[in-house]
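Taking it in order: structure first as structure tokens, then the write-up.
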Amino acid sequence: MAENRQQSAGTGTITKLNPLAEKLQLRLDEDQLTNCMRCGFCLPACPTFRETGIEAESPRGRIALMKAVADGLMDPDAAFEEQMNHCLGCRACEPACPADVKYGQLIEQARDAIEDHTTSHRWWVKGLRKTMFRGVFPKQERMQLLGRAMSLYQRSGLQRLARGSGLMKLLPSHLAEMEAILPPASGQGVIERIGDRHRAKGERIGTVGLFRGCIMDVMFTDTNVKTVELLTEAGFDVVIPKAQQCCGALHAHSGEPEEARSLARGNIEAFKQAGVDYIATNAGGCGAILVEYDHLLHEDYKWEADAKWFASRVMDISDLLVRYGRIPRFLESAADGDKQVRITYQDSCHLRNVMRSADAPRTLMRQIEGVAYVELPEADRCCGSAGIYNITQPEMAASLLEGKMAQVETTGATHVLTSNPGCLLQMKLGEHRCGGSRQVEHLVDFLHERLVKQL
Ligand code: SF4
Ligand code: SF4
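When we follow the working numbering, the leftmost residue of the sequence shown carries the number 27, and every step to the right adds one.
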């Protein structure tokens, strides 16, 4: 008998409330739960179901579990939490669903409730989350401080010393591997590097506000700089609002919606003041929450209209170039030499399934003269990165990555491109694990290297 029922049927006996069940009942959207008609169309799209074949590891199974808890038919026990945590949040189930069930919203509501009550996270997962989510990601000056510390670690010889001394062996093996593939960090963000205002080349089409991202701006600063240059070449003035903050995606996906809402308000204010026509991102993970700020703040009447204004302007850089810009000419690079460059592309799940942008990156890649594009089989299937999933669920993430690398192998590609920093690092990890020599790059970096600039 579920502990969360307040009154036992027929007896009138009051039973003890399970606090997590109570919170789940309040948080889960009843309409979305009942919209699921159990058709199972989403099952083949779900990576965790395909890996395990277990119904409870599928979107339909997870929704049934949530509904059983919300209806008071079962207690949200450790197995329930585990199934919620095993979900990648990739949202591949949403485009496959004929009933338009907003699964992403349901899993966020479930995680929000679980986060306050769980005892199952390992101590270092809790500690890492709290420190990074509340103390570092929301404060860009702290991110830059972290970038400077990492840069010092990487360049001073400390990294070599740590690796040589066997210190890395103290870390769980997947974390030690990740340390090995981190790109050079920077203590300077894009604004410190090139300033916050940039003029369009040729006739001006409009003004774009660049969303620089928190991790993007210290670990992939070059990519942000190159994003600005691609946008100005395509005819946009670019402004980078200084007051912008972290997008809040990791917070929203990990059960910290209040923190996510607070970050959203700060970003909306920053971009409204900048008076932009479009808001460009180069990270699918950030873009997906930015286009959903209207949903995130739909119960906040003061911010509702501004959140809609913001969400309607957000676009990935590839969409912005293809739909509204003047696409520059891209030509194979002298650095490519005589060898035939073959590129393949791993979709960012959030770019594809939430921002619904799968065609624009491919349109751009197919336009690079002298470079062959080859489609990656099952490019729409998650690589296992999924925010911090590859840190908190290393076994499933490793299994997904292994399958992904086997697919990459069939393409004969010399370069693997992605549009999200998490996917980029995960694919680099895949190359590292299989001892491959393919280059893994952000689409923006690859395009910029082959950009034929206007005079
Ligand atoms: S979000 Fe991804 S992993 Fe989670 S249920 Fe949907 S398809 Fe499966
Ligand atoms: S496709 Fe949609 S309606 Fe069908 S089982 Fe999956 S979530 Fe439910």
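Quick reminder that beta carbons are idealized off the backbone N, C-alpha and C, glycines included. Here the structure is a predicted model, which is why all the values come from computation and not from measurement.
Give me the residue from the options with the minimum Cα distance to residue i.
i      : options                           : result
Arg352 : Leu52, Glu259, Trp335 and Leu276  : Glu259
Ala475 : Glu404, Met391 and Ser84          : The amino acid at residue 475 is misidentified as Ala; the sequence shows Glu. The option with the nearest alpha carbon to Glu475 is Met391.
Phe67  : Pro121, Leu54 and Met422          : Pro121
Ile140 : Ala333, Asn111 and Arg388         : Asn111
Asp362 : Leu322, Gly396 and His143         : Gly396
Val348 : Asp385, Gly235 and His277         : Asp385
Gln270 : Arg238, Cys116 and Arg181         : Arg238
Leu357 : Ala331, Leu154, Ala398 and Gln372 : Ala398
Val302 : Asn250, Lys156, Ala309 and Arg223 : Arg223
State the Cα-Cα distance for the pair residue i and residue j, rounded to the nearest angstrom.
i      : j      : result
Cys312 : Ala47  : 31 Å
Leu402 : Gln393 : 17 Å
Ile207 : Ala412 : 17 Å
Arg186 : Ala211 : 15 Å
Gly492 : Phe297 : An answer regarding residue 492 cannot be provided, because it is not within the stretch 27 to 481 covered by the chain.
Thr458 : Ser344 : The question names Thr, but residue 458 in the sequence shown is His. Answer to the nearest angstrom: the Cα atoms are 28 Å apart.
Gly38  : Gly98  : Residue confidence for Gly38 is low, a pLDDT of 44 falling below 50, so the modelled location carries little weight; the figure read from the coordinates is stated next. When rounded, the distance between both Cα atoms is 16 Å.
Pro124 : Met341 : 25 Å
Lys479 : Lys252 : 12 Å
Asn379 : Ile220 : 33 Å
Leu377 : Ala314 : 6 Å
Ile414 : Asp364 : 39 Å
Cys60  : Pro420 : At residue 60 the sequence reads Thr, which differs from the Cys that was named. Each residue's Cα considered, the two are about 33 Å apart.
Gln372 : Arg160 : 31 Å
Would you say residue i and residue j are within 8 Å of each other, going by their C-beta atoms?
i      : j      : result
Leu473 : Leu257 : no
Ala300 : Val265 : yes
Leu426 : Leu443 : no
Ala333 : Ile305 : no
Glu134 : Ala96  : no
Cys72  : Cys119 : yes
Leu477 : Pro354 : yes
Leu54  : Pro102 : no
Leu289 : His277 : yes
Return the chain-ordered list of same chain residues with a C-beta closer than 8 Å to the C-beta of residue i, the five sequence neighbours on each side being excluded.
i      : result
Met204 : Asn416, Ile417, Leu451 and Leu455
Val244 : Met169, Gln170, Leu172, Gly173, Met176, Ala211, Ser212, Gly213 and Gly215
His441 : Val367, Arg368, Ile369, Thr370, Arg464, Gln465, Val466, Glu467 and Phe472
Ala197 : According to the sequence shown, residue 197 is Leu rather than Ala. Glu205.
Gly438 : Arg368 and Val400
Arg287 : Gly274, Leu322, Leu323 and Asp326
Once you ignore the five residues that flank residue i on each side, which residues in its own chain have a CB closer than 6 Å to its CB?
i      : result
Ala82  : Gln109
Tyr179 : Gln185
Tyr129 : Pro85, Cys119 and Glu120
Ile89  : Cys62
Taking all protein chains shown into account, do 16 or more other C-beta atoms lie within 10 angstroms of the C-beta of residue i, making it buried, or fewer, making it exposed?
i      : result
Met63  : exposed
Ser374 : buried
Gly461 : exposed
His324 : exposed
Ile241 : buried
Arg225 : exposed
Gly36  : Confidence at Gly36 is low in this model, with a pLDDT of 42, below 50, so the placement of that residue should be treated as unreliable; the coordinate-derived value is given next. Exposed, because fewer than 16 other Cβ atoms sit within 10 Å of the Cβ of Gly36.
Ala360 : exposed
Leu52  : exposed
Could you name the residues of the same chain whose beta carbon sits closer than 7 Å to that of residue i, not counting the 5 residues immediately before and after it, in chain order?
i      : result
Leu91  : Ala82, Phe106 and Gln109
Ala136 : Leu50, Leu54, Met92 and Met110
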